[in-house]
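Engineer: Residues in the sequence shown are numbered consecutively from 371, following our numbering.
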Amino acid sequence: MKPIHLLFTLCFTLTFLALTSTAESFSINGKPVPEVVATVNGSELTAALLEREVTAYKLIASQQGRNVPDDQDDKIAQGVLMRAIDQELLRQKGVALNISISPQRVDNEIDNIRKKFPSEEAFLHALRFQHLTLDTLKKKIEHQLTSEEFVRREIAPNVQLEEGQARIFYQENAESFIEPEQYLASHIFTSTLPPVEKDKYNSPEAAEKAERMVQAINQSAKEAIEDAYKRLKSGADFTKLVHEISEDTDSVEKDGALGALVLRQTHPVIAEALRPLKVGEFSKPVQSSAGLHIFLLTEKIPSTTVPFEQIESEILNHLLKLETQKRTDELLKQWRKQADIKIFI
Numbered sequence: 371m372k373p374i375h376l377l378f379t380l381c382f383t384l385t386f387l388a389l390t391s392t393a394e395s396f397s398i399n400g401k402p403v404p405e406v407v408a409t410v411n412g413s414e415l416t417a418a419l420l421e422r423e424v425t426a427y428k429l430i431a432s433q434q435g436r437n438v439p440d441d442q443d444d445k446i447a448q449g450v451l452m453r454a455i456d457q458e459l460l461r462q463k464g465v466a467l468n469i470s471i472s473p474q475r476v477d478n479e480i481d482n483i484r485k486k487f488p489s490e491e492a493f494l495h496a497l498r499f500q501h502l503t504l505d506t507l508k509k510k511i512e513h514q515l516t517s518e519e520f521v522r523r524e525i526a527p528n529v530q531l532e533e534g535q536a537r538i539f540y541q542e543n544a545e546s547f548i549e550p551e552q553y554l555a556s557h558i559f560t561s562t563l564p565p566v567e568k569d570k571y572n573s574p575e576a577a578e579k580a581e582r583m584v585q586a587i588n589q590s591a592k593e594a595i596e597d598a599y600k601r602l603k604s605g606a607d608f609t610k611l612v613h614e615i616s617e618d619t620d621s622v623e624k625d626g627a628l629g630a631l632v633l634r635q636t637h638p639v640i641a642e643a644l645r646p647l648k649v650g651e652f653s654k655p656v657q658s659s660a661g662l663h664i665f666l667l668t669e670k671i672p673s674t675t676v677p678f679e680q681i682e683s684e685i686l687n688h689l690l691k692l693e694t695q696k697r698t699d700e701l702l703k704q705w706r707k708q709a710d711i712k713i714f715i
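The structure is reproduced here in structure tokens:
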């Protein structure tokens with residue numbers, strides 16, 4: 371079952387997408403979709419709902435680096451619709467048990483969503499893109515929370531784990547509990563600009579002017595970082611130079627500190643600069659896509675294995691969630707057979 375926060379996974383990219391959306395009716399592989407795509411015990415699931423969920427699926431896939439071919443729309447829509455049917459079945463089970471969600475709880479969820487947007491306008495823009503009003507969003511969240519509450523009350527308490535299951539999981543997934551070596555580093559940074567794309571300018575003169583400006587900025591950045599390097603070699607204080615020269619305002623507030631870095635998860639340029647350093651040593655100036663850096667290695671934290679006792683409760687929670695989802699899927703399979711479900715696409 372999809373967590374409530376995924377309702378707005380789109381929030382950081384919807385502003386762009388909203389500019390490209392149209393008022394055309396929803397279609398799948400060129401075929402118009404009926405206004406009602408399915409009924410579950412008489413409750414209607416609409417084309418608007420299906421369109422929202424298909425759009426969300428595609429965007430999440432894109433953010434995860436997965437390509438979704440256009441000719442897969444029918445398959446995607448069928449899968450999304452089945453999940454919507456399951457969600458409606460769970461909601462109906464919750465309603466049958468008189469589970470109700472307070473307006474305050476719904477409003478709290480909406481406030482959490484709002485906070486993910488830079489402005490109220492961006493939030494409302496995202497709603498419009500998904501063909502949602504504030505009222506329909508509230509209804510969507512209320513349905514989601516009703517389903518989750520039903521699972522929490524009626525399914526989760528009946529799920530049990532076998533004795534020793536958590537330790538077996540720990541042993542079989544030992545690599546997952548290894549905390550990799552971490553590098554605590556600081557840097558001095560001067561920003562540079564990428565080469566001018568001359569074909570994007572209206573005239574050769576404008577392109578040449580822009581190119582001269584970029585060259586001047588980059589030369590100034592190079593001279594500043596090279597001067598800092600010479601002064602460091604002469605014994606200058608790294609922190610003092612950070613505040614004097616560095617253009618990374620976020621790290622300057624922390625004396626240049628970048629935090630704990632895991633090299634395999636770090637930009638290759640940074641990783642290659644840090645790898646040979648001993649604690650207290652600084653690198654030569656290196657160029658990244660953002661600019662020029664001098665790195666100082668302040669500490670190395672060796673790789674360690676998290677003890678089972680420290681992670682046991684987290685593993686138990688993870689396994690309980692998996693077993694709860696498994697049991698929920700089993701029940702949904704039964705309920706689908708018993709329910710009056712009609713699909714129109």
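We treat Cβ as the ideally placed atom computed from N, Cα and C, and that holds for glycine.
Can you list, in chain order, the residues of its chain whose CB lies under 7 Å from that of K463, leaving out five sequence neighbours each side?
Structural biologist: Here the set comprises F520.
Engineer: Around the C-beta of R461, are 16 or more other C-beta atoms found within 10 angstroms, so that it is buried, or is it exposed?
Structural biologist: It is buried - the Cβ of R461 has at least 16 other Cβ atoms within 10 Å.
Engineer: Tell me which residues share the same chain as E700 and place their Cβ nearer than 7 Å to its Cβ, disregarding the 5 neighbours each side in the sequence.
Structural biologist: Counting only Cβ-Cβ distances below 7 Å, and skipping sequence neighbours, we find nothing.
Engineer: What are the residues that DSSP puts in a beta bridge with V656?
Structural biologist: In the DSSP output, where bridge partners are listed per residue, V656 has H663.
Engineer: Candidates R706, F714, E693 and Q704: which alpha carbon is nearest E532's?
Structural biologist: When only C-alpha atoms are compared, the closest one is E693.
Engineer: In or out: F539 buried (at least 16 other Cβ within 10 Å) or exposed?
Structural biologist: Its Cβ being crowded by 16 or more others within 10 Å, F539 is buried.
Engineer: Under 7 Å, do T636 and I548 count as touching if we go by C-beta distance?
Structural biologist: Their beta carbons are not under 7 Å apart, which means T636 does not touch I548 by this criterion.
Engineer: Would you say the beta carbon of G464 is closer than 6 Å to some non-hydrogen atom of the ligand GDP?
Structural biologist: Judged by which ligands are present, the structure shown has none, so any question about the ligand GDP falls away.
Engineer: So, is Q474 buried or exposed, given that buried needs 16 or more other C-beta atoms within 10 angstroms?
Structural biologist: So Q474 ends up on the exposed side.
Engineer: Quick one: is Q514 buried, meaning 16 or more other Cβ sit within 10 Å of its Cβ, or exposed?
Structural biologist: Buried: at least 16 other Cβ atoms inside 10 Å.
Engineer: Considering only residues of the same chain and omitting the five flanking positions on each side of A580, which have a CB-CB separation below 6 Å?
Structural biologist: Contacts found: V566.
Engineer: Quick one: which unbroken alpha helix (DSSP H) runs of 4-plus residues sit fully inside the region 571 to 641? Chain order, please.
Structural biologist: 574 to 603, 608 to 615 and 619 to 622, all fully within the region 571 to 641.
Engineer: Which same chain residues end up closer than 6 Å to P655 when comparing Cβ atoms and leaving out the 5 residues on each side of it in sequence?
Structural biologist: Contacts found: I595, Y599, L662 and I664.
Engineer: Just mark N437 as buried or exposed, buried being the case when its beta carbon has 16 or more other beta carbons within 10 Å.
Structural biologist: When all chains shown are included, N437 counts as exposed.
Engineer: With H501 as the anchor, note down where its alpha helix (DSSP H) starts and where it stops.
Structural biologist: Here H501 belongs to no alpha helix (DSSP H), and DSSP marks it neither H nor E.
Engineer: Starting from F559, trace the beta strand (DSSP E) both ways and give me its first and last residue.
Structural biologist: Taken as a continuous stretch (DSSP letters only), the beta strand (DSSP E) holding F559 covers Q552 to S561.
Engineer: Please work out which residues of its chain come closer than 7 Å, Cβ to Cβ, to V632, disregarding the five sequence neighbours upstream and downstream, and give them in chain order.
Structural biologist: Closer than 7 Å at the Cβ level, and outside the excluded window around V632, lie P550 and Q552.
Engineer: Rounded to the nearest angstrom, what separates K445 and Q434 at their Cα positions?
Structural biologist: About 19 Å.
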